[in-house]
Structures are given as structure tokens and as C-alpha cells.
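Chains as they are written, first to last, in my numbering: chain Y, 3 to 332; chain G, 3 to 332.
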């Protein structure tokens, strides 16, 4: 069982979307799971009043402040100690919740998660892992922007925690790990990537499938693709924008036809981030999951369900064990 | 007027596509332009025999060898001195042609261009600039893979030669230059990008519009986008693959309908690399233009026309002048 603290004030449609997502998630999850909605008591009680059937598994934890989408993360952390983000993470840190999920300000969640939960030894900051939609199963890309100027050792760390997440949460029993580069051969890439290739290949705990080139990202050659946060961030934002552009063209076409064909449905499913849930902050002591601020209810719901799987499968402990082993080896 | 040496043996459909592209280009270019087809004399004469009307502006220069798509560039340079690539570039170097265009092995063209034409002082290798299709005018991205582990000074160099190409060949009188990064503010990016931001901003010859994020690449915020060759190569290949994927879905949809709507046409035009021509190798002493190996005739034709514009507008001299000025300043 898992008790999930949910930032009820995070995202463009808070608190309605988070509350609806919480109710929907509890209907899917087995009955021992519980959700703590974090936000203004009265407002949340009102938002909840329209929902039936899961009231005994939802409670509200009051938080008087809200971090806005444009707030500076470190400033928000200092000046809004009673924000829904800070209160939710403190619940998790104190053991009153097993995970934290938010559709709010990504930077603020990252800073607060790092400062309140702390990191497993061996990390300077958490990695953000994102699921990229493909025609098949989603591919996990990390880091998506938390770490720039990465060392080869950090890329190895991303490979390890990415593989662990894929196993514990994405149901990939033996995930294939790839390294983003500009050619298939081990000697292709920039200096950090070439060094990382050797380190990742030498780790017997990883099923390394070698370099993955740009055109292979969506071919599901690897379950987990490792890159520094600069490349990962550019790529993620570019993919979202290309998807938006093509979605626009496709919608024009479909609406001109007055109906939607099978390919159009496949196309929308491909680009429907709602089916993919959240982006975990990997490396924190605990489970912290970020959902897109514009997430539909289904995405937030899936983020909550992923967080519950992460708790049940002991993700944080497995990540910690990995770094502990690496520390002993070093 | 310009005399273009065309590698008649480069690309998947050589020599038919190059020959057809040469004929089509001459029909569009003003009558003083000429093309030298480089490749096996007899085979090219035969391929040419079916084409009429421009025979007095095409001649053949014999080359007995062909570089294949999988040949190692440096090995090919050493072992195939009579390849169509080497012969064509030597014609250019000797002043018997003003530019070289090839749809062949990119690496081989890059190596041979560098060794035969030489580079303007201040460069270690040429940059590859590619035109990315957008809903509006194409955006020039460089470097697309020739230079990894770039310094901030190299990124400044890319900004300068990219702007020069945009002015001389893409008809952008006062091109906007952007720097690819992970946030809009000057302090966002990896260490090299942050340093490059200061260098580019301080160059009065450039109209710098600041950082460009992943989602802004296709928004035509900048005419020229600067990045290191690692990021550029990943992005280019990723975009081509996403385009292929969406094109596939779109075709299924359109063919299921038995006709093609306005949006589908817009969509295909967006992804039709044929309209964009070649990728110049910027920094060589001369004009060397690489077209995609799978280029349709229209892309090769446009590459030839771009090369002619580059010659007429003194691209190479302008690039050389820039580095000479930079050398004096330093």
C-alpha cells in the first residue's frame, strides 16, 4: 500500500484537475492506497464534495500558500514555507506519506524535493527522467534538464537510476540502456560521451545496447536513453513543439473531413502525454513525481499510479542501494 | 556567372538524378552558368543523351573512381584519388570550377573539401549548416555534426559564418542569430554556451536575438541557430525521423481517404527536404555543398542553385574576410 501526498494546487487547473485525478486514481488502485490532498482546507473540501465513493481514502492536509508557475524556485522555497509543495514534501519526509506528486512549478518541486527529502549520497542534484511517446512503448530519457555540464560518471549514474526506474515502475524486467550520441561506434561522440561509453559498458548490472543516434530515439532500440541535461532538455522541448505543430496540421485535416480516421487516432495517442504520467525526480530520498503543468486529469492520474508503483516496488531504496554499492566499489 | 562542378556519382540514384538535376538547374539559372558533371565519361555521356536544350552549358570531366556511402572518409581520400569527389574538388581548387556540389558520402566530401580546398585561417574544420523546414522560412542550424567539444570561440565563429551564409545565399538581409540553450536568460545553459552568449552579444556585426530554446527552433525566432555539432547532429537526425514517422501516419490517413487535403499538402511541403537544397560546408576556401544521399532531383537542383548564388555573392570571400578581421582584433 502507498499513501500519496498530492499537490492539489499545482498546475493550470488546480484544484479541480488534481482532485479529479486523485478520485480517478483511487478507483483504479487497490483499496489500501490513500491520497492526501495538500492545499487550502476549505477550498479542497468544496472541490471534493462533488466526488463520491472514495472519501474514506482521501484526506486533506492544509497548506495556506501556493507557488505560482513563474515563481523563482529558491525564492519560493524561502518565502513560502507553507506552500502545498513544501507541506506535501514535509509529509513525505516525516513518513506520513510515501510519495509526493505535483503538476506545479517544476523548478520549485525540484528545489524543494532536494532540500526537504535530500539526495542519496553520490549525487549533487536529482535527474529528471521523461517518458517520450513512440509508436511502441514510451522511452525513458534522462537527464531532461536538471544537470548540465555532466561528467562521464554522472552519465553512468543516470544509466543506473534510469534502469532502476524502468524496472520498478515501467515494467521492463531487463531494460536496455542506450547512450545518446552521433554515431553507432563507441568512438563517436564528444569527449564526455566517449568516456561514459566505456564506464556504462563496463557495468555488469546494466544491459547496455551502445550508442543511440538521433533518428533511433523513437525506434525503441533502448528502454532508457542517457544524455546530459542540456541535450535532453533541448530534445524534449523540441519534440513537444514538433508534436504540437503536427497535431495542429492533423487536426485541421481531420476537422475538414468532419471525422477521425484510424491513423488520426493513432497519431493523437502517440502525442497524448496524458497516457504517460509524470517525470520522476530520480536520486531523491523518496518518491517525487512531476507532472506537466498543463496535464490533463489522465496524466495526473497516471502520475499518481506511477508513484504508487514506485513505492510498492521500493524504487528509492533500490536507487540508494545502487549508489551505496558504487561507493563501496570506488 | 558560376561554373559548378557536380559530383555525378554521389547519392542513391547516381548518375541519373544528378544529371537530371543539372539539366533542371541550368534551365532555371541565367544562361551564363555552366555545369561540369564529374564521373565516368562514357556513362555520363549516355545519361546526358536523353536531355536536350542545355548541352552547350554542360560538359563532362572524367573520374574513374566512386566513393561509396560506407567508405571511410580518410581511407577513401587516400585510396581513391580519381574519385568524382576528389576530381570535382580539384577542378574547383584549380579555378576551373567555382563551386562543388555532391549528394555523396558526407564524411568523404567533408574530408576531401578540407584537404583539397583548405580552410580559412582560424578554423580547425568546416561547419556543416543545415536548413530545417518550418511552417515559415527555413532556419539555418549549425554546426550539424562536424565539430563536437566546441569552444565558446568556435560557437562565435559559427554565428558569424552562419549569418554570412544567410545573407549571401538565403536572402536574409539582416539575419537574426540565436544561440541554442535551455532557457531564455543569458545565464542559462552549459558553461560553453554561457560564455558564447557573452561573445556573440558583444559582436556588433551580428544581430543577436539571444538564447533559443528547443520549442522555439521552429518558431522562426532566429534565421540562424548556433549550437555545437553534438547537439546539432542529434537534433537534425531526430527531426528527420519524427518527420518520417508523422509523414507515414499522415499518408496512411490520406490514402485511406483516397485524396489529399490542403493540410496534408502543407504537411508534406513542410517535410519536403527537396525544397531546401544542400548543406554548405562553411569555412572552406571555396563553395562546397552537400546534398542528402537520398535527395530527390529537386533537392540536388536547389543545391546547385544555392551554390551558384554563393559564388555570385562571394560567400567564401566574405567568410574569409570575417576571420581575417577577427584575427586582427584578437
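Built from N, CA and C at the ideal position, the CB exists for glycine as well.
Following the DSSP letters along the chain, one finds residue 6 (chain Y) inside the beta strand (DSSP E) bounded by residues 5-9. By a beta-carbon distance limit of 8 Å, residue 105 (chain Y) contacts residue 294 (chain Y). Their separation comes to about 7 Å. Judged by DSSP secondary structure, residue 123 (chain G) falls outside any beta strand (DSSP E); it is assigned neither H nor E. Around the Cβ of residue 304 (chain Y), a 10 Å sphere holds 16 or more other Cβ atoms; the residue is buried. Residue 231 (chain G) is a Cβ neighbour of residue 146 (chain G), given a cutoff of 8 Å.
Within the same chain, 127, 128, 286 come within 7 Å of residue 116 (chain Y) by CB-CB distance, once the 5 residues on both sides are set aside. Note on residue 48 (chain G): under 16 other CB atoms within 10 angstroms of its CB, so exposed under the neighbour-count rule. In this structure, residue 174 (chain G) sits away from residue 324 (chain G), with a CB-CB distance that is not shorter than 8 Å. Every beta strand (DSSP E) stretch that sits fully inside the segment 80-135 of chain Y and reaches 3 residues is listed by chain position as 101-104, 129-134. For the segment 137-160 of chain Y, the set of positions with a beta-carbon nearer than 8 Å to some beta-carbon of chain G reads 137, 147, 150, 151 in chain order. Residues of the segment 211-229 of chain G with a C-beta less than 9 Å from any C-beta of chain Y: 215, 216, 217, 218, 219, 220, 221, 229, listed in chain order. For residue 9 (chain G) against residue 133 (chain G), the beta-carbon gap comes to about 20 Å, at or over 8 Å, which does not count as contact. With respect to the 8 Å criterion, residue 99 (chain G) and residue 38 (chain G) are classified as neighbours on the basis of their beta carbons. For chain Y, none of the residues of the segment 103-135 of chain G brings a beta carbon within less than 7 Å of one of its beta carbons. Taking a contact as a CB-CB distance under 8 Å, the pair residue 192 (chain Y) and residue 150 (chain G) counts as one, their CB atoms being some 4 Å apart.
When DSSP states are grouped into helix, strand and coil, residue 181 (chain Y) belongs to the strand group. One Cα belongs to residue 30 (chain Y), the other to residue 306 (chain Y), and the distance between them is close to 10 Å. When G:15, G:54, G:36, G:140 are compared, the shortest CA-CA separation from residue 102 (chain G) is found for G:36. Taking each of G:52, G:57, G:67, G:50 in turn and checking the Cα distance to residue 41 (chain G), the smallest one comes out for G:67. The distance from the Cβ of residue 227 (chain Y) to that of residue 141 (chain Y) is about 6 Å, consistent with a contact at the 8 Å cut-off. At a cut-off of 8 Å, the C-beta of residue 315 (chain G) has no neighbouring C-beta in chain Y. Exclusion of the five residues before and after residue 156 (chain G) leaves 149 as the residues of its chain whose Cβ lies within less than 7 Å of its Cβ. When secondary structure is reduced to three states using DSSP, residue 198 (chain G) falls in the helix class. Around the beta carbon of residue 250 (chain G), a 10 Å sphere encloses fewer than 16 other beta carbons of the protein chains shown; the residue is thus reported as exposed. Ranked by Cα distance from residue 243 (chain Y), the options G:222, G:233, G:234 are led by G:222.
Residue 233 (chain G) is positioned such that its CB atom lies no closer than 8 Å to that of residue 158 (chain G). For residue 187 (chain Y), same chain residues with a beta-carbon under 8 Å away, outside a window of 5 residues either side, are 213 in chain order. The alpha-carbon of residue 281 (chain G) is positioned some 41 Å away from that of residue 125 (chain Y). Per DSSP, residue 169 (chain Y) has no beta-bridge partner at all.
The alpha-carbon separation between residue 65 (chain G) and residue 54 (chain G) amounts to approximately 23 Å. DSSP links residue 290 (chain G) through a beta bridge to G:102.
In the DSSP assignment, the residues bridged to residue 36 (chain Y) are Y:5.
Fully contained in the segment 205-257 of chain Y are the following beta strand (DSSP E) runs of length 3 or more, in chain order: 209-214, 226-228.
Taking 8 Å as the cut-off between beta carbons, none of the residues of the segment 279-297 of chain Y comes near chain G. The CB of residue 247 (chain G) comes closer than 9 Å to the CB of 136, 137, 220, 272 in chain Y, given here in chain order.
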